[in-house]
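Participant: I have a structure here, written as structure tokens, and I will follow up with some questions on it.
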Amino acid sequence: MTDRLPHTLRSDALNNRERILDAARAVFAVEGLDVPMREIARRARVAPATLYRRFPTKEMLVTEAFAEQMYACRAVVDEGLADPDPWHGFCLVIEKMCELNARDGGFTAALTSTFPRAVDFDARREYALRSIAELARRAKEAGRLRPDFALDDVILVLMANSGIHASSPAAKVTASRRFAALAIQAFQASPDASSLPPMARPAPPASASRGQGGQYSSCT
Numbered sequence: 001m002t003d004r005l006p007h008t009l010r011s012d013a014l015n016n017r018e019r020i021l022d023a024a025r026a027v028f029a030v031e032g033l034d035v036p037m038r039e040i041a042r043r044a045r046v047a048p049a050t051l052y053r054r055f056p057t058k059e060m061l062v063t064e065a066f067a068e069q070m071y072a073c074r075a076v077v078d079e080g081l082a083d084p085d086p087w088h089g090f091c092l093v094i095e096k097m098c099e100l101n102a103r104d105g106g107f108t109a110a111l112t113s114t115f116p117r118a119v120d121f122d123a124r125r126e127y128a129l130r131s132i133a134e135l136a137r138r139a140k141e142a143g144r145l146r147p148d149f150a151l152d153d154v155i156l157v158l159m160a161n162s163g164i165h166a167s168s169p170a171a172k173v174t175a176s177r178r179f180a181a182l183a184i185q186a187f188q189a190s191p192d193a194s195s196l197p198p199m200a201r202p203a204p205p206a207s208a209s210r211g212q213g214g215q216y217s218s219c220t
């Protein structure tokens, strides 16, 4: 029993850490980065002291919670920048960012939230945004991206994409791909009205899923 005790403690500590990070990602994705640390501890079902022992500051928690999303974001923008065709690279970034967002709501929170005191987090975020801006500049010079495009348009697309509700994760990804295709056509300097990916019927938000009398209401 004595020999096994340290291993048990390490396992408990690891489980606590993962619960804290899972809770932080979930709450940050929905409510932003201003959520109190005590609320994150409550949702993770750990004592506040346990949370602060693992993550003494919110900056450390934010950086660790979104590390995977920011690495994925960097990989996407680097792939887009490496494409010899800037328009194709730009389209790839929009498509893959929307899909990442559909698979993980924390992705958009990581990209669109500013947390100046979290140096590593903010540096990765700024790198991603600068890279998208550079890719957009190249696509404009090639005559493929509309001249009035602004970087904030990407943020708007991601925020709208994060609002997609679907009956399953797979259906959400399908709907996100169609939405990305629509956004890309809007971004083109001369839209070619190419065919869209297949439609996935979005699910209404929970608060709007029932009309009067408990019946589902929809505009069809």
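Quick note on numbering: full-length UniProt numbering labels position 105 of the sequence shown as 105, and the sequence is numbered without any gaps. Don't be surprised by glycine CBs; every beta carbon is placed ideally from N, CA and C.
Tell me whether L33 sits in a helix, a strand or coil according to DSSP, three-state version.
Facilitator: Reduced to three states, the DSSP call for L33 is coil.
Participant: Can you name, in chain order, every residue of its own chain whose Cβ lies under 8 Å from the Cβ of R17, other than the five neighbours on each side?
Facilitator: R54.
Participant: If you draw a straight line from the alpha carbon of T174 to that of K58, how long is it in whole angstroms?
Facilitator: Between T174 and K58, the C-alpha separation is close to 34 Å.
Participant: With a 10 Å radius around its C-beta and 16 neighbouring C-beta atoms as the bar for buried, classify R38 as buried or exposed.
Facilitator: R38 is exposed by the Cβ-count criterion.
Participant: State the CB to CB distance for the pair A158 and L111, rounded to an integer number of angstroms; the pair is presumed to be in contact (CB under 8 Å).
Facilitator: Just to set this straight, residue 158 is Leu in the shown sequence, not Ala. That pair is a contact at about 7 Å.
Participant: On the DSSP bridge assignment, give the partners of L145 in chain order.
Facilitator: DSSP output for L145 lists Q188 as bridge partner(s).
Participant: Determine the extent of the alpha helix (DSSP H) in which H165 is found, giving its start and end residues.
Facilitator: Counting along the chain, H165 falls outside any alpha helix (DSSP H), and DSSP gives it neither H nor E.
Participant: By the 10 Å Cβ neighbour count, where 16 or more other Cβ atoms means buried, how is Q185 classified, buried or exposed?
Facilitator: With fewer than 16 other Cβ atoms within 10 Å, it is exposed.
Participant: From which residue to which residue does the alpha helix (DSSP H) around C47 run?
Facilitator: It is Ala, not Cys, that sits at residue 47 in the sequence shown. Looking at the DSSP string, A47 is not in any alpha helix (DSSP H), and its letter there is neither H nor E.
Participant: With distance defined between alpha-carbon atoms, name the residue in P84, R74 and P86 nearest to M97.
Facilitator: M97 has its Cα closest to that of R74, out of P84, R74 and P86.
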